[in-house]
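>
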Amino acid sequence: MRISVIGCGYLGAVHAASMATLGHEVVAVDVDPVKIGQLAAGQAPFFEPGLPETLGEALASGRIEFTTDTARVAGARVHFLAVGTPQGPTGAADMTHVDAAVTDLLPHLAPGDLVVGKSTVPVGTAARLAERVREVQPEATLVWNPEFLREGFAVQDTVAPDRFVYGVPAGEAGARAVAVLDEVYAQALAAGIPRLVVDLPTSELVKISANAFLATKISFINAMAEIAEVAGADVTALADAIGHDDRIGRKFLNAGLGFGGGCLPKDIRAFQARADELGVGQSLGFLAEVDAINLRRRAHVVTLAGELLGGSVEGRRVAVLGLAFKPNSDDVRDSPALDIAARLVELGASVRAYDPAANHTAARVRPEVATVDSAGEALRDADLVLVLTEWAEFRELDPRVVAELVAAPVVLDGRNCLDRDAWTAAGFTVRGMGR
Ligand code: NAD
Numbered sequence: 002m003r004i005s006v007i008g009c010g011y012l013g014a015v016h017a018a019s020m021a022t023l024g025h026e027v028v029a030v031d032v033d034p035v036k037i038g039q040l041a042a043g044q045a046p047f048f049e050p051g052l053p054e055t056l057g058e059a060l061a062s063g064r065i066e067f068t069t070d071t072a073r074v075a076g077a078r079v080h081f082l083a084v085g086t087p088q089g090p091t092g093a094a095d096m097t098h099v100d101a102a103v104t105d106l107l108p109h110l111a112p113g114d115l116v117v118g119k120s121t122v123p124v125g126t127a128a129r130l131a132e133r134v135r136e137v138q139p140e141a142t143l144v145w146n147p148e149f150l151r152e153g154f155a156v157q158d159t160v161a162p163d164r165f166v167y168g169v170p171a172g173e174a175g176a177r178a179v180a181v182l183d184e185v186y187a188q189a190l191a192a193g194i195p196r197l198v199v200d201l202p203t204s205e206l207v208k209i210s211a212n213a214f215l216a217t218k219i220s221f222i223n224a225m226a227e228i229a230e231v232a233g234a235d236v237t238a239l240a241d242a243i244g245h246d247d248r249i250g251r252k253f254l255n256a257g258l259g260f261g262g263g264c265l266p267k268d269i270r271a272f273q274a275r276a277d278e279l280g281v282g283q284s285l286g287f288l289a290e291v292d293a294i295n296l297r298r299r300a301h302v303v304t305l306a307g308e309l310l311g312g313s314v315e316g317r318r319v320a321v322l323g324l325a326f327k328p329n330s331d332d333v334r335d336s337p338a339l340d341i342a343a344r345l346v347e348l349g350a351s352v353r354a355y356d357p358a359a360n361h362t363a364a365r366v367r368p369e370v371a372t373v374d375s376a377g378e379a380l381r382d383a384d385l386v387l388v389l390t391e392w393a394e395f396r397e398l399d400p401r402v403v404a405e406l407v408a409a410p411v412v413l414d415g416r417n418c419l420d421r422d423a424w425t426a427a428g429f430t431v432r433g434m435g436r
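Throughout, this note's numbering is defined as the position within the sequence shown, counted from one, plus 1.
(1) How far does the alpha helix (DSSP H) with residue 99 in it extend, from its first residue to its last?
(2) Quick one: grab the DSSP three-state call for residue 138.
(3) Count the other CB atoms, across all protein chains shown, that sit within 10 Å of the CB of residue 38; report buried if there are 16 or more and exposed otherwise.
(4) How many angstroms separate the CA atom of residue 412 from the CA atom of residue 49?
(5) To which residues of the same chain is residue 371 closer than 7 Å at the C-beta, ignoring the five residues directly before and after it?
(6) So who's on the other strand from residue 355, going by DSSP bridges?
(7) Quick check: the Cα distance between residue 132 and residue 393, rounded to an integer number of angstroms?
(8) What do you get for residue 164, buried or exposed, if any count of 16 or more other CB atoms within 10 angstroms of its CB means buried?
(9) Examine the Cβ distances between the stretch 203 to 223 and the stretch 174 to 183 and report whether three or more of them are shorter than 8 Å.
(10) Which residue wins for smallest C-alpha separation from residue 379, given the options 436, 335, 321?
(11) Please say whether residue 300 and residue 92 have beta carbons closer to each other than 9 Å?
(12) May I ask you to list the residues that DSSP assigns as paired with residue 413?
(13) Considering Cα atoms alone, identify which of 232, 10, 222, 278 is closest to residue 242.
(14) Under 9 Å, do residue 166 and residue 210 count as touching if we go by C-beta distance?
(15) Near residue 72, what residues of its chain come up, given a Cβ to Cβ distance below 7 Å and the 5 sequence neighbours on each side ignored?
(16) Is the CB-CB distance between residue 160 and residue 189 below 9 Å?
(17) Per DSSP, what are the beta-bridge partners of residue 165 in this structure?
(18) Closest to residue 30 by CA distance: which of 18, 172, 23 is it?
(19) Check whether the Cβ atoms of residue 113 and residue 237 lie closer than 9 Å to each other.
(20) Going by DSSP, which residues form a beta bridge with residue 68?
(21) Can we count residue 116 as close to ligand 1, meaning its CB is less than 8 Å from some heavy atom?
(22) Per DSSP, which residues does residue 1 bridge with? Please list them.
(23) For residue 94, name the three-state secondary structure that DSSP assigns.
(24) Report the rounded CA-to-CA distance for residue 57 versus residue 361, giving the unit in angstroms.
(25) If I measure Cβ to Cβ from residue 317 and keep anything under 6 Å in the same chain, skipping five residues before and after, which residues do I get?
(26) Confirm the yes/no value for this check: CB of residue 366, any heavy atom of ligand 1, distance under 8 Å.
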């Protein structure tokens, strides 16, 4: 099938390349000529495991074209909208990119075309955009197919997600849309991946409520971490124990620095803003608390760093291991690790930071945080070691080797990811989160 993908960021680039490897003919569009140039040359514009291989395979098949010219989408039957929906100044989602992408797409729509929204949007957006499509091309249909991919596992999550959700209009147009999407995802569906067909607003809410739930789960365990710290309890043991209950589950119950990235923080704020607009703001009042607990984690780490350094970080050498918001990603959007590193610099600490993938993205937004090329360089002569992103490389550090490098054997494990016993045995004072 000939398809287009509009927006080639973390979502769109992976989606476009994956669709081509599944046998579809893909036109992938972005307004950023640099990104398009990189993708066309087979270079992933960001770090994502498996993307270089998938992109290479897609380009070698001759089934993918990258372009900045939206007119190239003419002739495609399905158009995926994958542009960004960042946080606007009031906390609500900034819909500028989605609206601009639809404006660019409209003149090229043909009867029978399907416009498929994948971006995370405020509930009601699909109905609004469907109206815009109908005005220009009454025989085209707009549906919503929210994306649930996790950065770090994006390729796998795109070709084999936990489930597909199709938000479609009622009636014959909806039934036709389901059949077309089933054709797009035929291989995954044949493998038994569930697919749920719902109405448009439900599909928008499925995505944003899933993220609200995940954010709540993380903030819940971080609230328990706050209590555990003053009560002398261990939040990791607590999470293990409550996680055995199937109704709770152990996933997303790791206390630490809290969540960040380009999705959860902005999504919970946009969800709250939309609920306010709909006059049901109080239904989501708890999300303000989820956000507040989350942001307290960052301040807490900065305070702990000062305590571990005897009262102040000023003039002290701090090794920061990890800047990305999560491992296996170079994404530093709203990254707790980078935020903490920048706060320490502001307080006068001499920070040397290292991330296996995110040094360059961090330098773009926080040039004041000095980065080095290896963990060893960051650790040399450090008065304090902070582990802020749980990369395997940091979990696997040999504490006896680290002890030889640092000036003082003190580590703050912001992700509770180190082997405490091994680090203690190597002579370290080990401070975890909520334990
Ligand atoms: P991103 O910022 O990485 O990518 C967005 C891309 O859209 C950019 O390359 C930008 O240049 C391009 N763009 C902007 N305006 C355009 C236009 N008018 N025409 C063509 N291209 C345009 O964002 P992302 O992380 O890929 O997120 C995209 C959407 O997917 C968001 O709504 C996000 O919430 C959602 N989402 C993201 C993830 C994730 O893990 N990143 C997961 C699920 C859903």
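All residues carry an ideal CB built from backbone N, CA and C; glycine is no exception.
So, from the data block:
(1) Element bounds for residue 99: 97 to 106.
(2) Residue 138 falls in the coil class under three-state DSSP.
(3) Flag for residue 38 reads exposed.
(4) One C-alpha to the other measures close to 29 Å.
(5) Excluding sequence neighbours, residue 371 sits near 352, 353, 354.
(6) Residue pairing by DSSP places residue 355 opposite 322 in a beta bridge.
(7) Separation of residue 132 and residue 393 (C-alpha to C-alpha, rounded to the nearest whole angstrom) is 48 Å.
(8) By the 10 Å Cβ count, residue 164 comes out exposed.
(9) Not touching, per the Cβ criterion.
(10) Of 436, 335, 321, the residue nearest in Cα terms is 321.
(11) Their beta carbons are not under 9 Å apart, which means residue 92 does not touch residue 300 by this criterion.
(12) Residue 413 is bridged to 387, 432.
(13) Nearest C-alpha to residue 242: 222.
(14) Contact annotation: residue 166 and residue 210 have beta-carbon atoms that are not nearer than 9 Å.
(15) If the five residues before and after residue 72 are omitted, its C-beta is found closer than 7 Å to the C-beta atoms of 109, all from its own chain and listed in chain order.
(16) For residue 160 and residue 189, yes; Cβs fall inside 9 Å.
(17) BP columns for residue 165 point to 196.
(18) That would be 18, whose Cα lies nearest to the Cα of residue 30.
(19) No. Outside cutoff.
(20) 30.
(21) No, Cβ of residue 116 sits at least 8 Å from all heavy atoms of ligand 1.
(22) It is not possible to answer for residue 1, since the shown part of the chain is limited to 2 through 436.
(23) Of the three classes helix, strand and coil, the one that applies to residue 94 here is strand, per DSSP.
(24) Distance between the alpha carbons of residue 57 and residue 361 is about 23 Å.
(25) The residues are 310, 350, 384.
(26) Relative to ligand 1, even the nearest heavy atom lies 8 Å or more away from the CB of residue 366.
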